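Residue numbers (this note's numbering), protein chains in the order written: chain S, 1071 to 1174; chain X, 13 to 488. In this text, a Cβ means the ideal position worked out from N, Cα and C, and glycines have one as well. A quick note: this is a predicted structure, and the numbers were derived from the prediction, not measured. What follows is a set of notes on a single structure, which appears directly below.
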Amino acid sequence: MDPTTLSPFALLAALFITVLAAFIGYEVVSKVPTMLHTPLMSGANAVHGVIVVGAMLVAATSDGPLRIALALLAVILGTINVVGGFVVTDRMLEMFKKRPGERG
Amino acid sequence: MTDLNGWQIATFFVWLIGSVTFILALKFLASPKTARVGNLLGAAGMALVILWTFFTYDLAQPGSEPGMLENWWIIVVGGAIGSVAGVLGARRVPMTAMPQMVAIFNGAGGGAAAVVALAEFLEFAGHGEGLLPLPFVIATLAGGIIGSVALTGSIVAFGKLQGIVAARPVMLPGQQIITGALFLAMLAIAVYIAAFENSIPLFLLFVALALVAGVVLTMPIGGADMPVVVSLLNSYTGIAVAASGFVLSNYALLIAGTLVGASGAILTQLMTKAMNRSLVNVLFAGFGTGGDVAGGEEGEESLKEINAEDAAVLMAYGKRVIIVPGYGMAVAQAQGPVRELMDLLVSKGVDVQFAIHPVAGRMPGHMNVLLAEANVPYDRLQEMDEINDDFADTDVALVIGANNVVNPVAREAGSPISGMPILNVDQAQHVIVLKRGRGAGFAGIPNPLFSLEKTSMLFGNAKETVESLVQGVKTA
């Protein structure tokens, strides 16, 4: 899809999706216990690592050394974000799991 | 939009599945019982979207040959480098340095979003006649500026948390003027690019200014406020990713980015609320300069010291001990000995609880993670509101490397932390404070708690001090 020729319908759909997703984001975390703020921040950090898909799409259409270099940079950065983000979140949450005397 | 082929329709469904897993990931992360499953679910959804894009992209392009996407080597090479760096960083980092790590990963994401926006602009600007459509230009500009601010802001936050950059607020001379001029310049460039000429050099200048802005905005904020800043920058990266999703017509990016943008914003708000401050105050007040502190003239010589044996006896023969952990415990990695101390005291019939202030440590939940790592039972960790009334009925409050969260100055007006709810440690019968040295805390504010009659200080590395307390309790 050529992003410069989006139909009005696609633009409006994107607007609707954005507004609704913002409300979901707001609702989903509005009642989180303080002790989970750090893992939640880290988890959200991992989710925006989906930017690596954007980097892949840039890579797919890259020609010329400049754009290839940019695409490579974006893929590296995006991968660090997504891989590191999920692994570090899992490490934090691992700590919550193995506690004796767990209460429901 | 013209007709979609089967692969394109399937791609939309993959995006939908991915988006649902991202929402569930955040939802499950909101409860300790489901958090880990939530994170794994999010990771699985992410893997699905990434692999699907990698293997089917070309199928979804009208009229192209089936196969993996072109330039697949860029993705394989970049993905390999990024994966190694990400896994090594995430695995090797000590628990105390988690906040820095989140900042760095966030910066990487912001950088990626900025580069994507830049690459898309370069791809389409200057071709054909006339200007690019306004929504496209606005989205690339937004991705460029917000991603860039998130990148350099996160690097500064990392530096401050890691101690590479001065943790204290660094104000440039004429800070407001510089910030204002930067944003006016960026606004003017953005308007020119959008309305008059899709100029590539100006877009590059725009991104460069945004990179500078990220530094200028973050430097004046004190190290103690970095968690809030990291959370805010996390939200920014989400918005930048959403902008990229718009540019690329990729709903997975659009939804995930918006989701994080919104949840990051509310999380930031929750954090500032826990400190009883506003976001504006955090960002612009230069908190922690320490210059204008009310009653900041306590003589350090009035501090009373105690040795570990006496402190141990005090606790071993008390009925109730409340342990108040802070960043000092994290730095010294003292959580293991702290658990040992707790076990010993409990075996001697002492009621031991932990009082966790919402902003103890460098990040909310920091203490919970560390104590959980040391297998401290979850039900001994009490939040501030649950335990604050119990201090009056407590024999010993043991403060381990915490400072601001127990500073009674917060109850009075005129201090940078005025109004922040604190733990009522000063109401306990005895207060024992473990502290590395005599200096003021991270925020540079003197703490009158330390010079109270009932307070005794135990100076030294928290881990060693707690170990000697353990020995003391054993022989007590």
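Handout entry: Sheet register partners of A409/X (DSSP bridge)
Key = I334/X and V443/X
Exercise for the section: Evaluate E317/X with the Cβ neighbour count: other Cβ atoms within 10 Å of its Cβ, from every protein chain shown; 16 or more gives buried, anything less gives exposed. Expected result: Around the beta-carbon of E317/X, fewer than 16 other beta-carbon atoms lie within 10 Å, marking it exposed.
Practice task
Count the C-beta pairs between the stretch 248-265 of chain X and the stretch 122-131 of chain X that are closer than 8 Å, then say yes if the count reaches three, no if not.
Solution key: Flag = yes, the stretch 248-265 of chain X and the stretch 122-131 of chain X touch.
Exercise for the section: Using a Cβ cut-off of 9 Å (strictly closer), state whether R103/X contacts chain S. Expected result: yes
Practice task
Return the CA-CA distance between E309/X and M327/X, expressed in angstroms with no decimal places.
Solution key: Annotation note: pLDDT 39 at E309/X (below 50); position unreliable, no value reported.
Exercise for the section: Below 7 Å between beta carbons is the criterion; list the residues of the stretch 1093-1110 of chain S that meet it against any residue of chain X, in chain order. Expected result: Within the stretch 1093-1110 of chain S, the qualifying residues are I1094, G1095, Y1096, V1098, V1099, S1100, K1101, V1102, T1104, M1105, L1106, H1107, T1108, P1109 and L1110.
Handout entry: Q187/X versus A286/X - alpha carbon distance
Key = Just so you know, the alpha carbons of Q187/X and A286/X end up roughly 28 Å apart.
Exercise for the section: Write down every uninterrupted run of the beta strand (DSSP E) in the stretch 335-368 of chain X whose length is 3 residues or greater and which is fully enclosed by it, in chain order. Expected result: Taking only runs of at least 3 residues, the beta strand (DSSP E) segments lying wholly in the stretch 335-368 of chain X are 363-368.
Problem - Chain-ordered residues of the stretch 1141-1152 of chain S with a beta carbon less than 9 Å from chain X - result: A1141, L1142, L1143, A1144, V1145, I1146, L1147, G1148, T1149, I1150, N1151 and V1152
Problem - Proximal residues of chain S, C-beta to C-beta of Y69/X below 7 Å - result: A1130
Exercise for the section: Would you decide whether N51/X is buried or exposed? Buried here means 16 or more other CB atoms lie within 10 Å of its CB. Expected result: buried
Exercise for the section: Mind listing the chain S neighbours of F34/X? Cutoff is C-beta to C-beta under 8 Å, in chain order. Expected result: V1117 and V1120
Practice task
Would you check if the stretch 159-167 of chain X and the stretch 222-229 of chain X touch, i.e. whether three or more CB-CB distances between them fall below 8 Å?
Solution key: Cβ pair count under 8 Å is three or more, so yes.
Handout entry: Supposed contact pair L435/X and A323/X - C-beta distance, whole angstroms, cut 8 Å
Key = Not confirmed; about 19 Å, so no contact.
Handout entry: Helix, strand or coil at L216/X [DSSP, three-state]
Key = helix
Problem - Residue from W64/X, G98/X, S256/X and W84/X with nearest C-alpha to I157/X - result: Restricting attention to W64/X, G98/X, S256/X and W84/X, the CA atom closest to the CA of I157/X is found in S256/X.
Handout entry: C-beta neighbour in chain S for I267/X, strict 9 Å
Key = yes
Handout entry: Pairwise C-alpha distance: P1103/S and K45/X
Key = 12 Å
Problem - Whole runs of the alpha helix (DSSP H) within the stretch 380-436 of chain X, excluding any shorter than 4 residues - result: 396-399
Handout entry: Reduced DSSP category for S211/X - H, G, I as helix; E, B as strand; rest coil
Key = coil
Practice task
Look at the Cβ atom of A1092/S, then the Cβ atom of G54/X, and state whether they are nearer than 9 Å.
Solution key: no
Exercise for the section: Can you pull the chain S residues whose beta carbon is under 7 Å from the beta carbon of V61/X, in chain order? Expected result: Neighbours of V61/X on chain S, chain order: V1120 and V1123.
Problem - Short Cβ contact (9 Å threshold) for V1158/S with G373/X - result: no
Handout entry: Own chain residues within Cβ distance below 7 Å of A342/X, not counting five before or after
Key = T108, G373, H378 and L382
Practice task
Report buried or exposed for R104/X, applying the criterion of at least 16 other Cβ atoms within 10 angstroms of its Cβ.
Solution key: exposed
Exercise for the section: Determine the direct distance from the alpha carbon of I334/X to that of L446/X, and round the result to whole angstroms. Expected result: 13 Å
Handout entry: Below-9 Å beta-carbon distance, V219/X vs any chain S residue
Key = no
Exercise for the section: Tell whether a beta-carbon distance below 9 Å holds between G431/X and R332/X. Expected result: no
Problem - Proximity test, Cβ basis, 9 Å: G30/X and chain S - result: yes
Practice task
Compute the Euclidean distance between the alpha carbons of V224/X and L199/X, then round it to the nearest angstrom.
Solution key: 15 Å
Problem - Whole-angstrom distance between G18/X and V241/X, CA atom to CA atom - result: 44 Å
Problem - Where the beta strand (DSSP E) containing A467/X begins and where it ends - result: It should be pointed out that residue 467/X corresponds to Thr in this sequence rather than to Ala. Its beta strand (DSSP E) spans residues T467 to F471.
Practice task
Identify the contact partners of L1082/S in chain X, using a Cβ-Cβ distance below 9 Å as the criterion.
Solution key: What L1082/S touches in chain X: nothing, since even the nearest Cβ is about 11 Å away.
Practice task
Within the same chain, show all residues whose beta-carbon is closer than 7 Å to that of V219/X, passing over the 5 residues directly before and after it, in chain order.
Solution key: A126, L130, G156 and S160
Exercise for the section: Say whether chain A places a C-beta atom closer than 9 Å to the C-beta of M107/X. Expected result: The displayed structure is made up of protein chains S and X, and chain A is not among them.
Handout entry: DSSP beta-bridge partners of E1097/S
Key = None; E1097/S has no bridge partner.
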